[in-house]
Amino acid sequence: MEAAFRAMTLLCARREYCTYDIREKLRTRELSPDETSAILERLQQEGYINDARYARAYAHDKLLYDGWGRIKIAQSLRLKRIADSLVQEALDELSEEQYLDTLRRVVRSKQRSVKEKTPYETRQKLARSVINRGFEPSLVFKEIGHSDEDAADDWMD
């Protein structure tokens with residue numbers, strides 16, 4: 376059991392893990408449920424794993440580096456068995472300015488590759504693509520409307 380604890384501390388020292396991830400790693404070591412619980416409790420007490428800290432880091436990184444929206448981040452955290460209250464706290468800590476900048480970046484990036492027969496089909500395909508990244512539909516359609524206006528302004532210049 377001590378060897379498993381040390382192995383998990385080495386993993387946690389390299390990057391953030393949540394309780395669910397560590398539980399899954401311990402499952403492969405054929406430990407009893409009591410031993411697994413004891414190791415998890417000790418890791419939490421010693422600060423190696425903290426689901427709130429994990430949720431904040433995860434939400435920040437998925438927004439910034441992967442261009443995910445709040446909906447997809449929340450779903451992914453829930454799949455890792457993070458409590459809804461911790462998920463909401465992590466999402467609340469995301470900067471609104473950074474969130475909207477990421478949305479704009481994703482829309483602009485996708486706009487370059489989406490080409491359909493009509494402007495309506497193009498907007499719909501673009502919207503579906505960005506919504507699938509986890510952004511709220513109302514924000515997506517608002518941003519697509521702004522980017523359409525920007526494109527029209529560029530054409531007029």
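Heads up, the sequence shown is in my numbering, so the first residue is 376 and it goes up one at a time.
For every residue, glycine included, the Cβ atom is placed at its ideal position computed from N, Cα and C.
None of the values given here were measured: they were computed from a predicted structure.
Buried/exposed call for residue i, threshold 16 Cβ in 10 Å
i    : result
Y392 : buried
Y429 : buried
T477 : buried
M531 : Confidence at M531 is low in this model, with a pLDDT of 36, below 50, so its placement is unreliable and no value can be given for it.
D467 : exposed
D529 : Reliability fails at D529, whose pLDDT of 38 lies under 50, so the model's placement of it is uncertain and no value is given.
L469 : buried
L452 : buried
Limits of the unbroken alpha helix (DSSP H) element including residue i
i    : result
T403 : Looking at the DSSP string, T403 is not in any alpha helix (DSSP H), and its letter there is neither H nor E.
C387 : 377-389
R508 : No alpha helix (DSSP H) contains R508, which DSSP labels as neither H nor E.
Y392 : From DSSP, Y392 is part of no alpha helix (DSSP H); its letter is neither H nor E.
E471 : 471-488
K437 : 426-441
L445 : At residue 445 the sequence reads Arg, which differs from the Leu that was named. Here the alpha helix (DSSP H) through R445 covers 445-454.
A465 : 459-467
Residue i versus residue j - alpha carbon distance
i    : j    : result
D436 : P408 : 32 Å
E332 : L514 : Past the boundaries of the shown model lies residue 332; the chain is included only from 376 to 532, so the question cannot be answered.
I424 : Y440 : 22 Å
K400 : E496 : 45 Å
E377 : R508 : 41 Å
L560 : Q450 : Because the chain is modelled from 376 through 532, residue 560 falls outside the range shown and cannot be assessed.
E421 : R483 : 44 Å
A382 : K490 : 50 Å
F516 : T394 : 37 Å
F510 : R479 : 11 Å
Residue i and residue j closer than 8 Å at C-beta
i    : j    : result
R404 : A432 : no
P512 : I506 : yes
K492 : S504 : no
D396 : K447 : no
D426 : A388 : no
L438 : Y474 : yes
Is the region 460-467 close to the region 494-502, with three or more CB pairs under 8 Å?
no
With contact counted as at least three CB pairs below 8 Å, one residue from each stretch, are the region 410-418 and the region 443-453 in contact?
no
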